[in-house]
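2 protein chains.
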Amino acid sequence: MLLVSENIQITNPAIQAALEGRDPAPIQDMVRRCAEAGAEALDINPGPLTRNAEEKMAFLVKAVEAVTDLPLLIDTANPSAMAAALETASGKVVINGFSLEPARLERILPLAECHQTDIVGYLLQPDGHVPMDADGRLTQAVALYQAFLETGLDPGHLIIDPVMVPLAWENGTEQARAVLDVIRMLPDVFGHPVRTMAGLSNLTSGASGNARRLLTEGAYAAMLASAGLEMALLNVFHAETVRVIRACTLITRPGPFSWEQLP
Amino acid sequence: MLLVSENIQITNPAIQAALEGRDPAPIQDMVRRCAEAGAEALDINPGPLTRNAEEKMAFLVKAVEAVTDLPLLIDTANPSAMAAALETASGKVVINGFSLEPARLERILPLAECHQTDIVGYLLQPDGHVPMDADGRLTQAVALYQAFLETGLDPGHLIIDPVMVPLAWENGTEQARAVLDVIRMLPDVFGHPVRTMAGLSNLTSGASGNARRLLTEGAYAAMLASAGLEMALLNVFHAETVRVIRACTLITRPGPFSWEQLP
Numbered sequence: 001m002l003l004v005s006e007n008i009q010i011t012n013p014a015i016q017a018a019l020e021g022r023d024p025a026p027i028q029d030m031v032r033r034c035a036e037a038g039a040e041a042l043d044i045n046p047g048p049l050t051r052n053a054e055e056k057m058a059f060l061v062k063a064v065e066a067v068t069d070l071p072l073l074i075d076t077a078n079p080s081a082m083a084a085a086l087e088t089a090s091g092k093v094v095i096n097g098f099s100l101e102p103a104r105l106e107r108i109l110p111l112a113e114c115h116q117t118d119i120v121g122y123l124l125q126p127d128g129h130v131p132m133d134a135d136g137r138l139t140q141a142v143a144l145y146q147a148f149l150e151t152g153l154d155p156g157h158l159i160i161d162p163v164m165v166p167l168a169w170e171n172g173t174e175q176a177r178a179v180l181d182v183i184r185m186l187p188d189v190f191g192h193p194v195r196t197m198a199g200l201s202n203l204t205s206g207a208s209g210n211a212r213r214l215l216t217e218g219a220y221a222a223m224l225a226s227a228g229l230e231m232a233l234l235n236v237f238h239a240e241t242v243r244v245i246r247a248c249t250l251i252t253r254p255g256p257f258s259w260e261q262l263p
Numbered sequence: 001m002l003l004v005s006e007n008i009q010i011t012n013p014a015i016q017a018a019l020e021g022r023d024p025a026p027i028q029d030m031v032r033r034c035a036e037a038g039a040e041a042l043d044i045n046p047g048p049l050t051r052n053a054e055e056k057m058a059f060l061v062k063a064v065e066a067v068t069d070l071p072l073l074i075d076t077a078n079p080s081a082m083a084a085a086l087e088t089a090s091g092k093v094v095i096n097g098f099s100l101e102p103a104r105l106e107r108i109l110p111l112a113e114c115h116q117t118d119i120v121g122y123l124l125q126p127d128g129h130v131p132m133d134a135d136g137r138l139t140q141a142v143a144l145y146q147a148f149l150e151t152g153l154d155p156g157h158l159i160i161d162p163v164m165v166p167l168a169w170e171n172g173t174e175q176a177r178a179v180l181d182v183i184r185m186l187p188d189v190f191g192h193p194v195r196t197m198a199g200l201s202n203l204t205s206g207a208s209g210n211a212r213r214l215l216t217e218g219a220y221a222a223m224l225a226s227a228g229l230e231m232a233l234l235n236v237f238h239a240e241t242v243r244v245i246r247a248c249t250l251i252t253r254p255g256p257f258s259w260e261q262l263p
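Here it is in structure tokens:
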């Protein structure tokens with residue numbers, strides 16, 4: 001399972017201040033720390049970017065790429081900012097992402113075709129709501145895949161995000177089971193291997209106590225690995241979760257096992 | 001996932017000495033500690049029992065039942081000892097177990113019919129070897145199920161053990177993936193829900209370092225939970241693994257989630 005850090009995001013006050021002040025150092029410090037913690041790709045979430053969206057996005061991408069060769073996932077619903085990121089980046093960029101919501105379908109998805117790049121597709125309803133169960137997600141997956149194929153892109157460019165919700169929701173455990181089922185069922189539904197990504201942090205939103213949060217996040221990460229998840233979006237400073245994912249990867253990937261490969 | 005302790009076994013010198021000296025106290029102390037650690041059933045493994053097999057087995061069962069109401073899994077290849085356990089026990093007993101090996105098929109399986117009890121069936125070849133892959137295990141599963149059905153017992157009495165091997169084996173990770181696949185596929189193969197049990201300790205046999213062992217055991221336990229495993233046979237004093245399994249059970253079972261239910 002590939003480790004995608006969610007840590008470069010505008011909700012972190014240090015990142016917000018650095019973006020507002022166009023100061024690359026705190027951002028680059030975060031990039032280095034994420035890489036040291038095990039990140040294999042970096043999600044860049046600049047928030048809504050209501051002002052100077054393109055210029056800010058270009059600044060962010062340049063700041064990050066100056067200190068890393070890791071692939072970047074550009075995590076914004078702002079099409080102009082997304083386009084700016086794609087034009088600025090010199091390394092690998094993944095669009096994160098589109099859904100059946102009209103604004104994203106009409107203005108984000110075409111950027112993947114234009115730049116021939118990977119794109120994450122969320123299993124959300126056209127109204128932006130989370131489907132209630134596995135069947136609801138599969139219905140959205142089929143429609144999303146159809147819309148994606150109309151771009152002419154190779155299916156290997158699509159990464160499905162089944163959309164995690166908090167366990168504490170009324171149907172939270174049912175949703176968590178639905179996500180596992182959907183990841184398992186997608187290859188049969190599409191008729192070929194399907195790339196998938198899931199955001200772990202949503203699961204434990206509202207957790208009472210950090211030990212419980214990390215226990216649950218790690219346990220569910222292993223369940224996702226068992227279901228065949230390709231990419232986990234997470235707080236890479238959750239060292240326990242990172243260790244669990246590495247242990248799972250040693251089991252799920254082909255090739256011999258060695259105890260020395262474990263952290 | 002039900003927690004079955006493997007801790008009452010003859011390879012523990014204290015248990016061996018207690019059995020030889022017919023001293024129930026050390027055995028009963030272990031039973032209490034297992035229950036406190038979270039055991040929901042107790043595997044009783046008295047070894048080959050070359051002398052006084054029936055009398056020793058009866059002593060063990062009486063000693064254990066004097067201090068617990070937990071179900072017992074009687075883990076011996078000795079048919080006379082197994083019969084003695086079934087005759088002695090007043091509470092729930094599971095036979096652990098049979099396979100396509102002629103001796104077990106001919107002398108252990110009939111005891112399940114005779115006592116109308118649950119029985120564990122190992123996915124081993126008739127020569128006692130571990131199948132090489134998932135297909136090999138499914139082939140044995142079909143033959144084992146056929147033999148089981150000939151007893152006339154209800155299919156709900158059969159618990160399939162897909163047989164874990166050490167990750168450190170040359171094909172160890174392939175085998176670990178095969179076990180997950182088989183647990184997932186059995187309901188389709190048999191055409192109804194299938195009860196399953198797996199022994200976790202074999203997986204980490206030969207581990208270098210206890211932290212690595214517990215990390216890997218916990219991660220794989222969660223993968224087994226994701227695959228739908230019903231019962232985990234493990235060292236219940238591995239508190240980290242027990243915590244992971246409890247977190248998984250909160251996710252896999254129907255009903256609302258509460259952070260307060262977690263250890």
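Just so you know, the sequences run in chain order Z and F.
Residues in the first sequence are numbered consecutively from 1, following my numbering.
Residues in the second sequence are numbered consecutively from 1, following my numbering.
Just so you know, even glycine gets a beta-carbon here, dropped at the ideal spot from N, CA and C.
The model shown is predicted, which means the values in this text are computed figures rather than measured ones.
In terms of alpha-carbon separation, which member of the options lies closest to residue i?
i, options, result
"F:G95", "F:S201, F:A143, F:E101 and F:A85", "Note that residue 95 of chain F corresponds to Ile in the displayed sequence, not to Gly. Comparing Cα positions, the closest option is F:A85."
"F:A168", "F:M197, F:A103 and F:R212", "F:R212"
"F:P102", "F:A222, F:A143, F:A178 and F:R246", "F:A143"
"Z:L70", "Z:L42, Z:L214 and Z:A58", "Z:L42"
"Z:N202", "Z:F257, Z:F59, Z:M82 and Z:V165", "Z:V165"
"Z:Q175", "Z:E36, Z:V130, Z:V194 and Z:E106", "Z:V130"
"F:D118", "F:G191, F:G128 and F:G156", "F:G156"
"Z:L186", "Z:R177, Z:A58, Z:A89 and Z:I160", "Z:I160"
"F:A53", "F:L72, F:A81, F:I44 and F:V93", "F:A81"
"Z:R253", "F:G206, F:L234, F:A247 and F:G172", "F:G172"
"F:C248", "F:F237, F:L229 and F:L233", "F:L229"
"Z:S99", "Z:A89, Z:L123 and Z:E87", "Z:L123"
"F:L72", "F:N210, F:P48 and F:V120", "F:V120"
"Z:I245", "F:E217, F:F237 and F:A232", "F:E217"
According to DSSP, is residue i helix, strand or coil?
i, result
"Z:T94", "It is Val, not Thr, that sits at residue 94 of chain Z in the sequence shown. Residue state, collapsed to three classes: strand."
"Z:N78", "coil"
"F:V4", "strand"
"F:V120", "strand"
"F:L158", "strand"
"F:R137", "helix"
"Z:F218", "The question names Phe, yet the displayed sequence has Gly at residue 218 of chain Z. Residue state, collapsed to three classes: helix."
"Z:S208", "coil"
"F:A89", "coil"
"F:M164", "coil"
"Z:Q125", "coil"
"Z:N202", "helix"
"F:L224", "helix"
"Z:G172", "helix"
"Z:V236", "coil"
Apply the 10 Å Cβ neighbour rule to residue i and answer buried if 16 or more other Cβ atoms are within range, or exposed otherwise.
i, result
"F:L138", "buried"
"Z:A14", "exposed"
"F:A17", "exposed"
"F:E170", "exposed"
"Z:M30", "buried"
"F:P263", "exposed"
"Z:S226", "buried"
"Z:E6", "buried"
"F:V61", "buried"
"Z:P48", "exposed"
Would you report the Cα separation of residue i and residue j, rounded to the nearest angstrom?
i, j, result
"F:S208", "Z:A77", "47 Å"
"F:A147", "F:T68", "33 Å"
"F:L250", "Z:A221", "14 Å"
"Z:L109", "Z:T151", "8 Å"
"Z:T241", "F:L111", "45 Å"
"Z:G91", "F:V182", "41 Å"
"Z:C114", "Z:P26", "32 Å"
"Z:L214", "Z:E36", "19 Å"
"Z:H192", "Z:R184", "12 Å"
"F:A141", "F:A178", "13 Å"
"Z:D154", "F:R107", "58 Å"
"Z:G97", "F:C34", "49 Å"
"Z:E20", "F:A239", "47 Å"
"Z:F257", "F:I44", "31 Å"
"Z:Q125", "F:G255", "25 Å"
"F:T50", "F:M57", "11 Å"
"Z:T11", "Z:P46", "8 Å"
Per DSSP, which one or two residues make a beta bridge with residue i?
i, result
"F:D43", "F:L73"
"Z:M231", "Z:L2 and Z:M197"
"Z:Q9", "Z:N45"
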